């Protein structure tokens, strides 16, 4: 049944009559509805029409009696007269018949009611009734949180929702399953950091009060000199994530991403074979109503011009549309960077304000307060801008007026991914690669917007702050935006509807009792497609792989979220959404290319995180080049430069120079610079350039080695499982043999009618 606007009924009914005379034998009639403003048109496709179209489509289903089919109640049914199985196939055929009827209407009529009956690739279609047993089985064996440990009934999902939805949940199941080994290794790496934190020499030197190292102020005027031992807690916490094991974990995760992609390709190929999708080709894409209306308007306004000039104008318009999209996307990304810069100014301001506070509690917890509040603000901004960017991406795509629905969907996905990816990862990229880089030195700091001095990293580096930002963003985005919104908003809508119904409960109850099943389904939320679900998981995949060197627990959090996400999505599809059209698909489309691109970029990002964000390379260079005994003893002192307090710029020295109880003449700061008594005071030292060369060399070696290992794993694992490859080869040979026998029979009996090649193909595929 197809939900249409009332004024649209006549157009559709007229086209049904035309189709009846030309091609199909269709029965159609309208009936009264009980919902104001909504009408229903019922169109029935007879069995002989389904059989004929199945032949044209080369459907791999039996078309003659082969074996008896037994139902659950042991009543024998003929496979020839039984309905097409699974039920979703029959509904998809009906949709294929109805689409030409809809497209037979005028462009103006379709465009006028596009927002009422056109929903991406399908019309508001209510498929024929499905036995309650299937829905009940899905609810009990799939959409229940109590069975989170069980495998999903992918076959049943496919039979009820179609191949496209089935592939999404199959992919989500494979992704969640592959997160288990990644989470286990990540926990082991974290536990290794916990076990070795007391033996970490740099942390021990920072926490040793006997070193008596005085550090330079962290801000102008309000901040004073401080002891290095104040950074003891941060140094110990950083070792939990910045240790030798994280390097090997990064290599493991790069190989894990490759194995995940290969495992999914094999799983997808097996499902294609089981679901008879090996020879599936994309169905015809009709032009969108908006596109045809746009073309019609252009033709009406078009002046007489030569064909060459028209072609040039069309090319110019296409280029202008592309450049305008790039400009607007760049503008949105610039807005994201501006927001991050605003958060940076907040961090600088609040740090200065807390240092000037008269409360000792605030002054002693400056770092923790600034880190946590800034991360929470970033999370709130990410959640808000994520919704805004989704609307902007759709608006940009609508302005392009793509020709087909497939082109519209691909462009929308690409724009939404670019904007939402930049929104989620811009604060993380700033902390990983920019914070603490362009700050200058004491006596010559770099300022922005007048007197705002760029913030520095702690002595243990910015890796701890990067870890905090990743943790809060990942947990907050998954908990609040993905799960809480998906659970809370539908519950809130139900509560509002229930409160409204209580005002006139008797009439409402009587009204719902008289509604048919398809009319009750109309009150469910409309199906909005799989793009939001895929986008949510792709962003999560980026957080798991891109910066895993700084947060080894990311796979564990992703695993826990996905266990809930599978059952949450299942519950939505079964109880909250209208049943979608059973669309066929042989893969997950453009999402696979995005996953593959992220897995490649992750290798480069992790190489730079290990090399430039962590202290892994400086520790390695010191141990094997500068250390007198081949250990890390003296590493902390090696990383600190000297500064003469008399070289402060005017009005930048501390207001309270005696904060520590004594006069300070020389303070230390983290950098590789020559001391003030050298011939080139405060210039970058030779150690800086040696370490920079080692960092760049590590990036090149790490990237090429890991890429080579990933390509080797990709080559080693075949894309098609061995048993599936053998079965496909056998089927091809069987088809060739049947064609040869058919040809020989036709030559020996030229007057005898032979079965069609299509029937042979379907029988061969069935056997």
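Numbering (full-length UniProt numbering), first residue to last: 1 to 767.
Cβ atoms here follow ideal geometry from the backbone N, Cα and C, with glycine treated the same way.
As the structure is a prediction and not an experimental result, all values here were calculated from the model.
Counting only the same chain and skipping the five closest in sequence on each side, list residues whose C-beta sits under 6 Å from that of residue 583.
Closer than 6 Å at Cβ, skipping near neighbours: 162, 164.
The beta strand (DSSP E) that contains residue 678, what's its start and end?
Counting along the chain, residue 678 falls outside any beta strand (DSSP E), and DSSP gives it neither H nor E.
Check each candidate in 631, 640, 472, 633 and name the one with the smallest Cα separation from residue 684.
Ranking the options by Cα distance to residue 684, first place goes to 640.
Could you give the residue range of the beta strand (DSSP E) that holds residue 668?
Run containing residue 668: 666 to 670, per the beta strand (DSSP E) assignment.
Is the beta carbon of residue 466 less than 8 Å from the beta carbon of residue 454?
Cβ atoms of residue 466 and residue 454: not closer than 8 Å.
State the beta-bridge partners of residue 790 as determined by DSSP.
Since the first residue of the chain shown is 1 and the last is 767, residue 790 is not available in this structure.
Alpha carbon to alpha carbon, how far is residue 666 from residue 227?
Their Cα atoms are separated by approximately 13 Å.
Mapping the DSSP letters down to three states, classify residue 544 as helix, strand or coil.
Of the three classes helix, strand and coil, the one that applies to residue 544 here is helix, per DSSP.
Based on Cα-Cα distance, which residue from 701, 617, 596, 570 lies nearest to residue 166?
When only C-alpha atoms are compared, the closest one is 570.
Contact check, residue 567 vs residue 143 under 8 Å by CB: the rounded distance?
Contact holds; Cβ gap of about 6 Å.
In whole angstroms, give me the CA-to-CA distance for residue 779 and residue 440.
What the structure shows of the chain is the stretch from 1 to 767, and residue 779 is not part of that stretch, so it cannot be assessed.
Looking only at DSSP bridge pairs, what is residue 404 linked to?
DSSP, once it has assigned bridges, lists 287 as partnering residue 404.
Just the C-alpha distance for residue 380 and residue 722, rounded to the nearest angstrom, thanks.
Cα to Cα, residue 380 sits roughly 49 Å from residue 722.
Could you work out which residue in 659, 415, 261, 678 is closest to residue 598 when comparing CA atoms only?
If we check each option's Cα against that of residue 598, 261 comes out closest.
What number of angstroms, rounded off, separates the C-alpha of residue 386 from the C-alpha of residue 619?
Straight-line Cα distance between these residues: approximately 39 Å.
My parser needs the alpha helix (DSSP H) runs of 4 or more residues fully inside the segment 142 to 224; what are they?
Listed in chain order, the complete alpha helix (DSSP H) runs (minimum 4 residues) inside the segment 142 to 224 are 154 to 161, 163 to 196, 201 to 207.
Among all the DSSP beta bridges, which residues are the ones paired with residue 641?
Partner(s): 669.
Return helix, strand or coil for residue 441, following the three-state DSSP convention.
Three-state result, residue 441: strand.
Which two residues bound the contiguous alpha helix (DSSP H) that contains residue 744?
Start and end: 722 to 748.
In its own chain, which residues sit with a C-beta less than 8 Å from the C-beta of residue 468, not counting the 5 before and 5 after it?
371, 372, 375.
Is residue 658 buried or exposed, if buried means 16 or more other CB atoms sit within 10 Å of its CB?
Burial call: exposed.
What does the Cβ neighbour count give for residue 581, buried or exposed, with the cut at 16 atoms within 10 Å?
It counts as buried.
Helix, strand or coil: which one does DSSP assign to residue 243?
Note: residue 243 maps to coil in three-state DSSP.
For the alpha helix (DSSP H) that contains residue 585, what are its first and last residues?
Neither: residue 585 is in no alpha helix (DSSP H) and is coded neither H nor E.
Pull up the distance between the alpha-carbon of residue 736 and that of residue 169, whole angstroms please.
Between residue 736 and residue 169, the C-alpha separation is close to 36 Å.
Taking Cβ positions, are residue 461 and residue 242 nearer each other than 8 Å?
Yes, Cβ-Cβ distance for residue 461 and residue 242 is below 8 Å.
Can you name, in chain order, every residue of its own chain whose Cβ lies under 6 Å from the Cβ of residue 178, other than the five neighbours on each side?
Result list for residue 178: 260, in chain order.
For residue 150, count neighbouring C-beta atoms within 10 Å of its own C-beta (all shown protein chains included) and say buried if the count is 16 or more, exposed if not.
Exposed, since its Cβ has fewer than 16 Cβ neighbours within 10 Å.
Whose CA, out of 247, 267, 190, 487, lies closest to the CA of residue 549?
It is 247 whose Cα lies nearest to the Cα of residue 549.
What does DSSP give as the partner residue(s) for residue 277 in the beta ladder?
Answer is none; residue 277 lacks a bridge partner.
Over what stretch of residues does the alpha helix (DSSP H) that includes residue 473 continue unbroken?
Residue 473 -> alpha helix (DSSP H) spans 463 to 476.
Under DSSP, the alpha helix (DSSP H) around residue 562 begins and ends at which residues?
Residues 554 to 571.
Distance check for residue 422 and residue 209, CA to CA, integer angstroms please.
Cα to Cα, the separation comes out at about 43 Å.
Got a sec, what are the start and stop residues for the alpha helix (DSSP H) residue 703 sits in?
Counting along the chain, the alpha helix (DSSP H) containing residue 703 begins and ends at 686 to 716.
Go through its chain and collect everything with a Cβ distance to residue 545's Cβ below 7 Å, but skip five positions before and after it.
If we look at residue 545 and ignore the five residues flanking it on each side, its Cβ neighbours are 253, 257, 598, 599, 602.
Which residues does DSSP list as the beta-bridge partners of residue 525?
Residue 525 pairs with 577.
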